[in-house]
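Sequence positions in the sequence shown follow my numbering and run 196 to 408. Working notes, structure below.
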Amino acid sequence: MSVILEKSSLPRYQKIALDIANAIYKGDIKEGQKLHGRSTLAGQYNVSPETIRRAIKLLEDVEVVESSRGSGITVLSRENAFVYINKFQNIKSVSDHRQRLISLIKTKEEIDREIVESIDKIIDYSGRLRNVTTITPLEIEIPYDSSIVGETIEDVKFWQHTGATIVGIKKQGNIILSPGPYAVFEKGDTLLVVGDEEVYDAVRLFLAESCVR
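Laid out in structure tokens, this is it:
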């Protein structure tokens, strides 16, 4: 039996029917030729005679072979064998698309769950922030040519230069809350900062001065 059929998830008798149909289509077994008896085929495929009977019945139903008492199993049509093989290829194609769809649905569910978790974190953070201060975090984007890109918060001594506290960093649509001193600035990051009324100008000036000339 072919390796492909061995690895497929089809029932054993369907695999055997396909294997025989393939042999007929390739010309290994000719039209009008007699197949081995069921007992011989059972030994060849290492299955029970009942499994062989079911496999031959599938081929009989689509007129690939004909089985009669006393005459054995006769090959009727190479063309019908080809049609039978294609039918299962189409079924496999539909099955593959179905598995791909299931995989995409699972991925979507994971993304939806991550979105909900991110929203919950934002809501939780906003609630805690209101309990601590009435100051609303300011959003300031890091210029692409800033020299702080690739550096950590600690490396650039952000608080010492600006007096601002970074409470979050937006990275590619995600929000990192309460980043530690080793968080690395990246191109496209947007800083969420809090501080006194002079913080905004101080941060803007610091970022402008950090730009590569």
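Cβ coordinates follow ideal geometry from the N, Cα and C atoms, glycine included.
Rounded to whole angstroms, the gap between the alpha carbons of Gln209 and Arg273 is 18 Å.
The three-state secondary structure of Val257, taken from DSSP, is coil. Annotation: the continuous beta strand (DSSP E) that includes Ile335 extends over Leu333 to Glu336.
Here Thr385 is bridged, per DSSP, to Glu336 and Lys365. Under DSSP, Gly267 takes part in a beta bridge, and its partners are Ser263. Under DSSP, Leu230 forms a beta bridge with Ile268. For Leu372, the secondary structure class from DSSP, reduced to helix, strand or coil, is strand. In the three-state DSSP reduction, Ser243 falls in the coil class, being neither helix nor strand. The beta carbon of Gln228 is closer than 8 Å to those of Thr269 and Val270 in its chain, skipping five residues each way along the sequence. The three-state secondary structure of Val278, taken from DSSP, is helix. Put simply, the region 297-315 does not touch the region 348-363. Fewer than three CB pairs are less than 8 Å apart. In the three-state reduction of the DSSP assignment, Ser298 falls in the helix class. For Tyr395, the enclosing alpha helix (DSSP H) starts and ends at Val394 to Glu404.
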